[in-house]
Amino acid sequence: MLKKIFVSGIVQGVGFRPFVYNIAEKNNLTGYVKNKGNFVEIVVNGNSNDIDNFIRNLKEEKPVLSKINNLKIENMDLKDLKNNNLSELKDEFKIYSSQNVDNDVAGTIPPDVGLCEDCVRELKAKGDLRYNYPFIACVNCGPRFTVIKKLPYDRENTSMDKFPLCEECQEEYKNPNNRRFHAQANCCEKCGPKVYLTDSKGKILFEKESAIKKTVELLENGKIIAIKGIGGTHLVCDANNDEAVLELRKRLNRPTQAFAIMSTEDKYKLFSEPTELEDNALNSYRKPIVALKKKENEYGKHISKNISNLDTLGVMLPYSGLHYLLFDKCTSYVMTSANLPGLPMAITNDKIIESLKNIADYFLLHDRDIVNRCDDSVLKQISGRMMLLRRSRGYAPEPIEIDFSKNGLLNNKNNNILSKNILSVGAELNSVACLSKGNKFYMTQYIGNTSKYETYNYLKDAVHNILRLTNTNKLDMIVCDLHPQFNSKKFANELSKEYGTKLYDVQHHEAHVYSLMGDNEFFEPNITIALDGLGYGKDGNIWGGELLYCDEKYDIHRVGHLEEQLQLGGDLSTKYPIRMLFSILSKKIGLEKSFEFIKGYIGEYPELTEKELKLIKMQIKSGLNTSITTSTGRFLDSIASLLSICFKKTYDGEPSIRLEAFANNCSISEKKQILELVENKDYSKYIDYENNIINTTQIVYDCYEMLQNVAFSKNGIAYYAHLTLSHCLVGISIKCAENLNIKTIGLTGGVTYNKIITEHIVTKLKNKGFKVLLHKNVPNGDGGIAFGQTLGYILKNEL
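The letter at position 695 of the sequence shown is residue 695 when you use the UniProt record's numbering, and the numbering goes up by one with no holes.
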């Protein structure tokens with residue numbers, strides 16, 4: 001019996017061909033396996049029982065990093081082998097070299113993954129070929145996406161092409177029974193990349209192992225070092241050295257933003273309290289940054305208190321050989337992305353030195369090119385699941401698949417969607433682009449703030465790269481945000497002309513809703529609460545606290561929202577949240593009284609003067625240079641300034657993020673007292689039930705009165721603001737759902753990373769019997785917008 005098998009999915013760079021070879025040998029089959037660049041082709045010859053066992057093994061014993069998306073089996077005849085000069089395969093099983101890519105089928109590039117246990121053991125074993133070698137890797141670990149130039153995923157198509165294998169590595173590379181068989185990053189000190197240490201001018205001081213030893217010594221002595229890694233560069237210092245951490249903050253002009261830290265498997269629990277879910281994510285082969293709760297009374301003993309002013313720490317474990325070699329006496333290092341705010345990381349050695357020469361004391365570099373830069377991914381546990389704040393290294397560009405047929409969305413009329421290519425370019429901030437090929441959605445690595453010229457170019461490069469890696473030569477539709485001024489929309493217009501393709505736009509919060517639906521493969525009517533900082537609304541105002549109804553035709557209707565507030569000075573209100581406080585409070589207590597109250601903050605807030613307050617007051621009176629917003633982010637910002645938590649935003653979302661941490665530090669007894677107060681309130685003055693509008697002015701006024709009356713601690717007032725808003729959102733969402741006979745309510749948008757808000761809403765909705773949709777594979781925030789844009793177009797126009 002002779003069969004041909006086609007396997008697509010993550011089958012490149014994960015040891016799939018040697019795996020196939022070994023299970024064919026085990027089942028006494030002859031034939032071949034070959035890499036077609038975007039899928040694997042297998043021919044097996046033998047008796048039917050052995051072939052059945054082979055197929056079962058193929059499905060059940062596949063390599064840990066592989067993923068089979070589609071498996072197609074065809075019957076063949078022995079004469080097919082003869083006609084194709086393959087008659088020798090009747091007697092043996094062969095692994096053939098890669099062949100040209102079939103452009104009709106999308107390839108799947110595996111993401112970079114952390115060092116496997118076997119390589120860690122070899123790295124530490126004296127006498128091993130790769131003892132203390134920083135670029136150790138095998139077929140089960142190491143760089144993938146960051147080194148690949150094009151398909152098929154073979155060494156000559158990666159940045160390893162300039163490192164010819166030595167005799168020993170070549171022998172491993174050719175041996176199907178070796179775990180380094182066709183491991184494209186395979187190398188050793190004789191033939192692989194070299195690491196070296198330079199001063200701030202680029203002069204080489206040490207090389208190879210001595211460079212790493214000297215780096216460790218310098219870090220222990222309080223120096224700041226830029227370290228080039230797999231997908232980018234980190235700025236590194238000893239996490240337990242207060243002076244070094246503060247100096248890094250000063251040089252980076254990053255006064256408050258929490259630094260990520262890298263620690264070891266046996267040390268991070270000294271200063272953090274991970275849950276089982278967090279522990280599993282932290283130790284997974286993806287090796288992301290995970291937000292962990294600080295261990296009370298132990299945090300400052302083991303790492304500097306200047307690492308984070310939040311109640312959490314962003315922690316990751318070593319994921320490359322170089323990382324493991326850095327740990328000697330230090331238990332943890334600050335390891336933060338080496339980029340200036342809003343700009344992408346430098347990835348070439350010259351640019352790394354040029355851009356960081358006034359920040360880093362020394363540079364630990366290497367001579368392997370980074371083809372695709374890729375930031376660290378970030379996860380946070382919310383409501384019993386791990387949510388992606390940033391989806392990048394370890395995840396991108398692995399596609400997300402949606403089984404449209406399972407949901408009854410496909411029929412003979414719309415089945416052609418499976419052959420279409422749709423590109424969405426995302427939002428402006430925290431940008432990610434998405435290419436869909438049929439039911440596969442390829443999200444790029446994290447891009448960032450595309451309002452910056454360099455990051456805008458990075459978006460362009462990432463898009464062209466994902467098109468190249470997926471063999472996409474045509475686009476059937478390009479999708480963008482509704483906002484007319486977004487740089488991403490300008491890029492979409494360029495692509496539309498280049499590919500002769502139509503342009504389709506999706507409103508920002510509607511994209512959030514579609515993203516949530518796609519993430520859950522839920523395509524039925526629902527009510528979704530979309531909470532974030534801003535999005536251009538269909539009425540020309542700034543939205544950000546929305547209740548949206550998706551009907552059976554996938555039309556989305558705005559059925560409720562937070563109260564409209566004046567955003568004084570436009571974007572200045574996002575940078576200086578006290579402007580929002582003045583705007584909101586003046587509606588309740590009047591201009592003069594709010595003016596006198598806010599004057600009391602002069603001195604706490606360096607940029608605040610009486611002259612500026614008078615200008616803001618004039619803006620409220622005249623309405624000049626103001627915009628209208630329903631933003632949840634701006635509401636939370638106003639509370640953050642009221643409680644003197646944050647007067648100036650120095651990173652995206654800072655006031656709201658610090659407010660959440662501040663609220664979490666409320667005592668357990670006070671939390672119980674506030675919860676009882678919130679649940680027994682008369683909400684008639686907080687919710688306009690006729691129009692489903694939440695009176696955020698009243699909530700801010702409550703907090704103002706509590707502050708005057710010292711009814712609760714400041715932490716308690718922050719907690720009250722979170723719970724009251726959450727309670728109002730539950731109230732209007734349930735009312736709308738009941739009126740529309742909807743049983744499913746979703747939560748999406750960047751503010752839903754706030755655990756207090758999200759977990760309170762989820763608990764209340766579940767207690768009322770509603771099914772609640774939360775994100776799981778796609779970021780809640782703007783990193784999921786492109787995915788939602790694509791789904792929005794497909795649902796509205798193709799299905």
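The C-beta atom is built at its ideal place from N, Cα and C for all residues, glycine as well.
Roughly how many whole angstroms lie between the Cα atoms of CYS169 and TYR753?
Counted from its first residue, the sequence shown places residue 169 at position 169. Counted from its first residue, the sequence shown places residue 753 at position 753. When rounded, the distance between both Cα atoms is 46 Å.
Can you tell me the Cα-Cα spacing of PRO134 and LEU343, whole angstroms?
For the purposes of this step, residue 134 is identified with residue 134 of the sequence shown, where counting begins at 1. For the purposes of this step, residue 343 is identified with residue 343 of the sequence shown, where counting begins at 1. So the alpha carbons of these two residues sit roughly 28 Å apart.
Roughly how many angstroms lie between the CA atoms of TYR720 and HIS727, to the nearest whole one?
Position 720 of the sequence shown, counted from the first residue, corresponds to residue 720. Position 727 of the sequence shown, counted from the first residue, corresponds to residue 727. The straight-line gap from Cα to Cα measures roughly 10 Å.
How big is the Cα-Cα spacing for LEU2 and ASP50?
Position 2 of the sequence shown, counting from 1, holds the residue named residue 2. Position 50 of the sequence shown, counting from 1, holds the residue named residue 50. Spanning the two alpha carbons is a distance of roughly 11 Å.
Going along the chain, which unbroken runs of the beta strand (DSSP E) with 3 or more residues stay wholly within the segment 606-671?
Counting whole runs of 3 or more residues, the segment 606-671 contains the beta strand (DSSP E) stretches 626-629.
Do you know offhand how far LYS194's Cα is from LYS162's?
Looking up residue 194 in the sequence shown gives position 194. Looking up residue 162 in the sequence shown gives position 162. Rounded to whole angstroms, LYS194 to LYS162 spans 12 Å at the Cα level.
Quick one: which unbroken alpha helix (DSSP H) runs of 4-plus residues sit fully inside the segment 407-476? Chain order, please.
For the segment 407-476, whole alpha helix (DSSP H) runs of length 4 or above, ordered along the chain, are 453-469.
So the candidates are ASN186, ASP375, ARG179; which of them puts its Cα closest to the Cα of GLY164?
The sequence position of residue 164 within the sequence shown is 164, counting from 1. Note on residue identity: the sequence assigns Pro, not Gly, to residue 164. For PRO164, the nearest C-alpha among the options comes from ASN186.
In whole angstroms, what separates the C-alpha of ASN69 from that of LEU725?
Walking along the sequence shown from the start, residue 69 turns up at place 69. Walking along the sequence shown from the start, residue 725 turns up at place 725. Each residue's alpha carbon lies about 42 Å from the other.
Give the DSSP-derived three-state secondary structure of GLU74 in the structure shown.
Here residue 74 refers to the residue found at position 74 of the sequence shown. In this structure, GLU74 counts as strand in the three-state DSSP scheme.
Quick one: grab the DSSP three-state call for LYS553.
Against the sequence shown, residue 553 aligns to sequence position 553. Three-state result, LYS553: coil.
Any idea what DSSP makes of GLU546, helix, strand or coil?
As a position in the sequence shown, residue 546 is number 546, starting the count at 1. The answer is strand: DSSP assigns GLU546 an E or B state.
For ASP328, I'd like the list of residues in its chain whose CB is within less than 8 Å of its CB, leaving aside the five on either flank, ordered along the chain.
Translated into the one-based positions of the sequence shown, residue 328 becomes position 328. Correct list, in chain order: VAL216, GLU220.
Pick from GLN567, ILE136, ILE353: whose alpha carbon is nearest that of TYR362?
In the sequence shown, the residue the question calls residue 362 occupies position 362. Checked all of GLN567, ILE136, ILE353; the closest Cα to TYR362 is ILE353.
Among residues of its own chain, excluding the 5 on either side of ILE542, which ones have a beta-carbon nearer than 8 Å to its beta-carbon?
In the sequence shown, the residue the question calls residue 542 occupies position 542. For ILE542, where only same-chain residues beyond five positions count, the Cβ hits under 8 Å are LEU534, GLY535, TYR536, GLN567, SER627, ILE628, THR629, THR630, SER631.
Compare the Cα-Cα distances from SER332 to each of ASN349, SER320, ILE307 and report the closest residue.
Counting from one through the sequence shown, the residue named residue 332 turns up at place 332. Ranking ASN349, SER320, ILE307 by Cα distance to SER332 puts ILE307 first.
Would you mind listing the alpha helix (DSSP H) stretches within the segment 201-265 that are 4+ residues and don't spill past its ends, in chain order?
The segment 201-265 contains these whole alpha helix (DSSP H) runs: 208-220, 242-252.
Quick check: the Cα distance between ASN780 and ASN412, rounded to an integer number of angstroms?
For the purposes of this step, residue 780 is identified with residue 780 of the sequence shown, where counting begins at 1. For the purposes of this step, residue 412 is identified with residue 412 of the sequence shown, where counting begins at 1. Cα to Cα, ASN780 sits roughly 33 Å from ASN412.
Could you check how far apart the C-beta atoms of ASN421 and ASP461 are, in whole angstroms? I think they sit under 8 Å.
Working through the sequence shown from its first residue, we reach residue 421 at position 421. Working through the sequence shown from its first residue, we reach residue 461 at position 461. Actually they do not touch by this definition, with Cβ atoms about 19 Å apart.
Any contact of the segment 655-669 with the segment 556-567, i.e. 3+ C-beta pairs under 8 Å?
No, because fewer than three Cβ pairs between the segment 655-669 and the segment 556-567 fall closer than 8 Å, the two stretches do not touch.
Whose C-beta lies closer than 6 Å to the C-beta of ARG634 among residues of the same chain, with five residues either side of it excluded?
Here residue 634 is taken as the residue at index 634 of the sequence shown, counted from 1. The answer, listed in chain order, is MET580.
Of the choices ASN253, VAL245, GLU679, whose alpha-carbon is the least far from that of ALA260?
Within the sequence shown, residue 260 is the residue found at index 260, counting from 1. The shortest C-alpha separation from ALA260 is found at VAL245.
Indicate the three-state DSSP secondary structure (helix, strand or coil) for GLY792 in the structure shown.
Locating residue 792 in the sequence shown gives position 792, counting from the first residue. Helix.
Can you say whether GLU552 is buried or exposed, counting buried as having 16 or more other CB atoms within 10 angstroms of its CB?
Position 552 of the sequence shown, counting from 1, holds the residue named residue 552. Answer is exposed; the Cβ neighbour count stays below 16.
Take THR697 as the anchor and find which of CYS188, ASP637, ILE382, CYS330 has the nearest alpha-carbon.
For the purposes of this step, residue 697 is identified with residue 697 of the sequence shown, where counting begins at 1. Per the Cα distances, ASP637.
Note down the Cα distance separating ILE109 from LYS305, rounded to an integer number of angstroms.
For the purposes of this step, residue 109 is taken as the residue at position 109 of the sequence shown. For the purposes of this step, residue 305 is taken as the residue at position 305 of the sequence shown. Between ILE109 and LYS305, the C-alpha separation is close to 40 Å.
For the pair the segment 482-493 and the segment 524-533, tell me if three or more CB-CB distances fall below 8 Å.
Because the criterion of three Cβ pairs below 8 Å is not met, the segment 482-493 and the segment 524-533 do not touch.
For GLN567, which beta-bridge partners are listed by DSSP?
Counting from 1 along the sequence shown, the entry for residue 567 is found at position 567. For GLN567, which the question treats as bridged, DSSP gives the partners SER627.
If you draw a straight line from the C-alpha of ILE48 to the C-alpha of HIS760, how long is it?
Against the sequence shown, residue 48 aligns to sequence position 48. Against the sequence shown, residue 760 aligns to sequence position 760. According to the sequence shown, residue 48 is Ser rather than Ile. Distance between the alpha carbons of SER48 and HIS760: 57 Å.
Here's the rule I'm using: 16 or more other beta-carbon atoms within 10 Å means buried, otherwise exposed. How should THR348 be labelled?
Against the sequence shown, residue 348 aligns to sequence position 348. So THR348 ends up on the exposed side.
How would you label GLN507, buried or exposed, when you count the other beta carbons within 10 angstroms and need 16 or more for buried?
Counted from its first residue, the sequence shown places residue 507 at position 507. By the 10 Å Cβ count, GLN507 comes out buried.
Check for me: the beta strand (DSSP E) holding MET316 runs from which residue to which?
Translated into the one-based positions of the sequence shown, residue 316 becomes position 316. Note, MET316: beta strand (DSSP E), 312-316.
For LYS536, name the three-state secondary structure that DSSP assigns.
Locating residue 536 in the sequence shown gives position 536, counting from the first residue. For the sequence presented, residue 536 should be read as Tyr rather than Lys. DSSP places TYR536 in strand when its eight states are reduced to three.
How close, in whole Å, do the beta carbons of CYS191 and LEU129 come, if the pair is a contact with beta carbons under 8 Å?
Here residue 191 refers to the residue found at position 191 when the sequence shown is read from its first residue. Here residue 129 refers to the residue found at position 129 when the sequence shown is read from its first residue. About 11 Å; that fails the 8 Å criterion.
At which residues does the alpha helix (DSSP H) containing residue 840 begin and terminate?
Lying outside 1 to 799, the shown extent of the chain, residue 840 is not represented and no answer is given.
By DSSP, does GLN12 sit in helix, in strand, or in coil?
For the purposes of this step, residue 12 is identified with residue 12 of the sequence shown, where counting begins at 1. Note: GLN12 maps to coil in three-state DSSP.
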